[in-house]
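Accompanying notes for the structure given below.
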Amino acid sequence: MTGPEQFASSLASEIREKTLDNGLKIICLKKVGAPIVSAQVWYKTGSAHEHDGIRGISHFFEHMMFRGSKNFGPEEHARKINDIGGHYNAFTAEDVTAYLNSVPRDYLDMVLTLEADRMTNLVINEEVLNTERNVILEEFQTYMNNPISKSFLEFRKEFFVDHPYTYSALGKIEDIKKISVQDCMNYYRTWYGPANAVLVIVGDFDEYQSVFDKAQNAFGSIASPQDSAKSKSGSVVSEKPFVPPPSTWMKRLVDFDVPMCIVGYPAPSASDKDAMPLEILQMIMSQGESSRLHRDIVRNKSLAVMAGGMNQCLRLGGMTLFFAVFTPNVPQKKVEQAIVDHVNELANNGISQKEIEKVKNVVLTNRMFELYSAEHICQKLGYAETIEGDYHLWVQRLKALENLDIETLKEAAKRYWSESVRHTLYLKPKKVNPLLYAVGIFRKLFPQK
Amino acid sequence: MFVQKEYKFPPIIEETLSNGLSIMLVENHEQQGLTLGLQLPFGEFCDPAGLEGLTEITIATLLKGPKKYTPEEFSERFEHIGAALFSESGDEHCVIGCKMLSRYASDVIPLFWEMIVDSEFRQKELVRLKREMITGLQAETADPMSIANWHFTSLICGPSHPAGRVHTTKSIKRITLQHVLDHYKSLFCPNGCVLVITGDFNSIPFLETFKPVFSSWNSVRSKQVVIGEPLNPITENKIRLLDKPDLSQVSFILGHTIAGELGSSRNELALANYIIGGGNFSSRLMAHIRSKEGKTYGISSQISCNRNFGVFSIATSTQNSQVESMLEAIMTVYKKASVEGVTEDELAKAKQFAIGNMAFQLEGIVNIADKLLWLRQFGRTISYIEHFNEMISSITLNSVNQAISSYLSSSGFAVIAVGKKAEAFGTLSKYGTVEVMNFRSNPF
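This is the structure we're talking about:
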């Protein structure tokens, strides 16, 4: 094996899929190594599928999925997995809600039975709902007590104006306080059918066919509810692409000591051809000590203490963010301008062949190390299938990486990283040490050679 | 009944070089990756009083590379081929390592070793790293649980114990290049170090190729390695409230000291902890306080151990109005376990978890390397893993309840609460004298 393309080809040939009659899609990859297997159910519903009055219900519902079904009591799903040394988790995002399980290899049947039971037989009553509501309100408060998280939620509202992504999975506290058993049952019947789910299984199993048989036994008899997502497709979630609003600049006074500047640009949907070029550009800008932001803003100019970035491509659109953490004696405008200069430089003058080679190697190494973990592979396949629209993209992106050229990258940067759609968030400490300002003035008067 | 086969560790090629460096090679051809971890037999307990953070910053400065290259050239050489450096500073051990595609081993390993043996400690890098560490500490004040963690070990262990002396902005500011150079020269030596390499290679030719490289490190340790001594039990509550007026919740960590990793009841205590609060939804704390009463998003207990002493702690958060009932609920669960012990059924499930979970701890080359280093840290061999099921299965209810009675029946707790003083102080005062500090204050 020499490059991403060969690696991707060999991996692609190992992945198998099957769709049951009820619409449940199963994606499978056999992975030898540790005697364990991961099984994840990804439902194609999240906060983007909510409306005013039930903002936060997807996340609320994720909690309810652990509170018992017809054949298993409250939290029994979790305890049964604990009892065999496995682990479980779940998360809610804009487009998906995913349930993750990893168990010793002989317990795949058990996990599938547990997941199938809560896909069709969930039990929701007033008492359990109210207890879990309190838990969620606690979680909400924990999030809001972090000034960075709180400010970012406000930033996101300005970024995704009038869009299904305006609210995060946390939702609105006033809605969470009112969500009823009926709301939950309506949500369940609409979104939690097999035709709206993907089952991903990766691990140390004997035969692909035996895994498909087990899935058929567990899920095969579940019918999609009549009022399921399929019948409502297009009417519940706005499918219009994300149209970025004009540039904004937001300042928040926060109760901690470290100023921070976040610069954001719109990103395309995860399935767009520009998604990967933007990911590569973001890495060149901000990943590692040899990245442009670290080299220049942190090391050469000493404007920031740390700098980084992230790219978040969702089903309908996304955002690319760059951030810098600096000391109070550095003017925020200087930091912001330094980030913007680098973005513009990249869009105007492109990148070097050496930078492309580096990113290819980084992506390949990251992918290689992901492959040691059944759970990681499951997550990547689940994401590609439900958010990008096709699990094959997980490997095809590696092939595409091989042929990526400088011009494609430059064009992508020009298309998305424009001044007219730049959004800035400045987190300014409420209190700062006046000595730091004195140091700043001193440095201005007597600049270091 | 859940039955898990004993785990058979893959073959290990082991050799100790004449410089005292112990090498362990484990082939794994599952993928084409390679990871290398060098464990140093000392940690932050060796930081002199007043210079807390010295070990961490010495390693961070070392990672900027050898004399032959500028830091920029050095990072470029690693990152260009997708390799990544990592490090971890523990109390009694540190690890410096890197991961890479195995085909680049001959480029990366000599470079990594040159960094270990012949690093250039530059003033400019130190200044930058100090600034980074201080900013990092300041940034942690955004998260109440991070503030609580920072203060907890300091409160429980006290400033006379090395575990009680944590990094502060003051201690980091005091560190000079000379401190870093002296620390490196007196401690960073091959004797007692363990180098674990796992991944896609053939051990014999690999060892032949790299043995001369690994043998090139020849310094001798001149400074005594500090190991934490056992701590006296807490006999009365020590309570500290970090006042942060904007908070709508109070975050807590409370706990006490217990036996260390090498204590005779370590596995019994691990099982007891799983039942009390370590087992997520299978634990008593989660069942009573979250599932039944909905008082918190999460509550858990944990045991963290060094060789000769350990700490049992419970961490959670709740709204200001529920502080009193939360503390009462925690104490009820703890006391019930102390007085009545755990049940046969609970113990059976805790054992099943411990045995079944081992497979996850050995998934992939990074986990295998970590586990080997952990074994060596406490002087254990792979038979500990290979006979783990047998060892856990043989633990009796009586021995677990005996361990609970000896170590989890404390009459005193160290309590850190981060929240709004006006709302939390009254309740906390019912449990003892409350020391109030601003949330920005250094722990000692």
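Chains as they are written, first to last, in my numbering: chain A, 1 to 449; chain B, 1001 to 1444. Beta carbons are placed, not taken as given, at the ideal position from N, Cα and C, and that holds for glycine. Being a predicted model, the structure only gives us computed values, none of them experimental.
Let me see if you follow: with CB-CB separation under 7 Å, is Leu1285(B) close to chain A or not? no
Please compile the residues from chain A whose C-beta is within a distance smaller than 9 Å of the C-beta of Gln1039(B). Correct list: empty, because the minimum Cβ distance to chain A is about 20 Å.
Can you give me, in chain order, the residues of the region 318-342 of chain A that have a beta carbon less than 9 Å from any beta carbon in chain B? Val325, Phe326 and Thr327
Answer with yes or no whether the minimum CB distance from Val258(A) to chain B is below 7 Å. yes
Contact residues within the region 278-306 of chain A, judged by C-beta distance below 8 Å to chain B: Gly288, Glu289, Ser290, Arg295, Val298, Arg299, Ser302, Val305 and Met306
On the DSSP bridge assignment, give the partners of Gly1097(B) in chain order. Gly1037(B) and Phe1086(B)
Flag Ile1081(B) as yes if its beta-carbon sits less than 7 Å from any beta-carbon of chain A, otherwise no. yes
If you draw a straight line from the alpha carbon of Pro266(A) to that of Arg422(A), how long is it in whole angstroms? 8 Å
Helix, strand or coil for Gly1277(B)? Go by DSSP, reduced to three states. helix
When the Cα atoms are used, what is the spatial distance from Asp95(A) to Ala169(A)? 10 Å
Quick one: list the residues of chain A neighbouring Asn1280(B), beta-carbon separation under 8 Å, in chain order. Ala78 and Asn82
Do you know how far the Cα of Asp109(A) is from the Cα of Asn1273(B)? 29 Å
For a contact defined as C-beta to C-beta under 8 Å, what are the partners of Tyr391(A) on chain B? Simply none; closest approach about 20 Å.
Cβ-based neighbour list, Glu1052(B), same chain, cut-off 7 Å, excluding 5 preceding and 5 following: Arg1165, Val1166, His1167, Thr1168 and Ser1171
Reduced DSSP secondary structure (H/G/I, E/B, other) of His1161(B): coil
Based on DSSP bridge pairs, tell me the residues matched to Tyr1407(B). BP columns for Tyr1407(B) are empty, so no partner.
Could you compute how far the alpha carbon of Val181(A) sits from the alpha carbon of Asn82(A)? 28 Å
Assign Trp1150(B) to one of two classes, buried (16 or more other C-beta atoms within 10 Å of its C-beta) or exposed (fewer than that). buried
Out of Pro1041(B), Lys1335(B) and Leu1373(B), point me to the one whose CA is closest to Gln1224(B)'s CA. Pro1041(B)
With which residues is Met306(A) paired in a DSSP beta bridge? Val325(A)
Is any beta-carbon of chain B found at less than 7 Å from that of Phe155(A)? no
Using a Cβ-Cβ cutoff of less than 7 Å, which residues in the same chain neighbour Val198(A) once the five nearest sequence positions on both sides are dropped? Lys25, Ile27, Trp42, Gly382, Glu385 and Thr386
Rounded to the nearest angstrom, what separates Ile1029(B) and Asp1200(B) at their Cα positions? According to the sequence as given, residue 1029(B) is His; it is not Ile. Rounded to the nearest angstrom, the two C-alpha atoms are 5 Å apart.
Quick one: which chain B residues come within Cβ less than 9 Å of Tyr372(A)? Asn1028, Glu1030, Gln1031, Gly1033, Glu1363, Gly1364, Ile1365, Val1366 and Asn1367
For the candidate residues Ile339(A), Phe256(A), Gly350(A) and Trp249(A), whose alpha-carbon lies nearest to that of Leu425(A)? Trp249(A)
Hey, which unbroken runs of the beta strand (DSSP E) at 3 residues or more fall wholly within the region 1308-1350 of chain B? 1310-1319
Sort Glu1132(B), Ile1289(B) and Ser1106(B) by Cα distance to Pro1212(B) and report the nearest one. Ser1106(B)
Between Gly46(A), Ala374(A), Lys150(A) and Lys334(A), which lies nearest to Asp255(A) when the distance is taken from Cα to Cα? Lys150(A)
Is the beta carbon of Thr1198(B) less than 7 Å from the beta carbon of Ala1414(B)? no
For Asn146(A), go through chain B and note every residue whose CB falls closer than 7 Å to its CB, in chain order. Ala1142 and Asp1143
Listed in chain order, which residues of the region 1125-1141 of chain B have Cβ atoms closer than 7 Å to some Cβ of chain A? Arg1131, Glu1132, Thr1135, Gln1138, Ala1139 and Thr1141
If you drop the 5 nearest sequence neighbours on each side, which residues of the same chain put their C-beta closer than 8 Å to that of Phe152(A)? Ile262 and Leu425
On the premise that Ala1148(B) lies in contact with Phe1252(B), defined as a C-beta separation below 8 Å, what is that separation, rounded to the nearest angstrom? 7 Å
Buried or exposed, going by whether 16 or more other CB atoms sit within 10 Å of the CB of Pro447(A)? At Pro447(A), the pLDDT of 48 sits below 50, so the modelled position is not reliable; the number obtained from the coordinates is stated separately. Result: exposed.
Is Leu1241(B) closer than 7 Å to Thr1257(B) when the C-beta atoms are compared? no
So is Ser1429(B) in contact with chain A if we call contact Cβ pairs under 7 Å? no
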